[in-house]
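Notes to accompany the following structure.
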Amino acid sequence: MQPTSVYDAVGGMETFEKLVGGFYAQVREDDLIGPMYPQQDWEGSEQRLTWFLVQYWGGPQLFSEQRGHPRLRMRHAPYPIDMAAHDRWLELMGNSLAQIDEETIPPAYRAMIWDHMERVAAMLINRAP
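In terms of this note's numbering, the sequence shown opens at residue 285 and continues consecutively.
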């Protein structure tokens, strides 16, 4: 049986929780982008990113059910996202993605996910160099 979505093809919720968990473990220790995250609500922030990615890749519509339309640019507008923050976000997300084996996320799906991460990171830049 063929998977009906990227979400299903890569192992569903468990895989996205692992991806986001690995990312947040690094963000908490990062001097550049860590301060942009809600220090009193790490778990909530981690959950929201998981919900967003799950929804985007064809899983349950958890983000929309809990938070409404994603409105990514609006939600990120208060944070000074420049090219350095963009690069660091991608570095940490790339590190997390690399920790998930190719059996779980095969190369074709890995490339799709990474392309999405690059596009979203670029879209959220809101400060000139």
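For every residue, glycine included, the Cβ atom is placed at its ideal position computed from N, Cα and C.
According to the DSSP assignment, W373 belongs to the alpha helix (DSSP H) that extends over M367 to A382. Around the beta-carbon of S380, 16 or more other beta-carbon atoms lie within 10 Å, marking it buried. Around the CB of A293, 16 or more other CB atoms lie within 10 Å, so the residue is classed as buried. For P413, the CB contacts under 7 Å within the same chain, skipping 5 residues up- and downstream, are D366 and M367 in chain order. Judged by DSSP secondary structure, R332 falls within the alpha helix (DSSP H) whose first and last residues are W326 to Y340.
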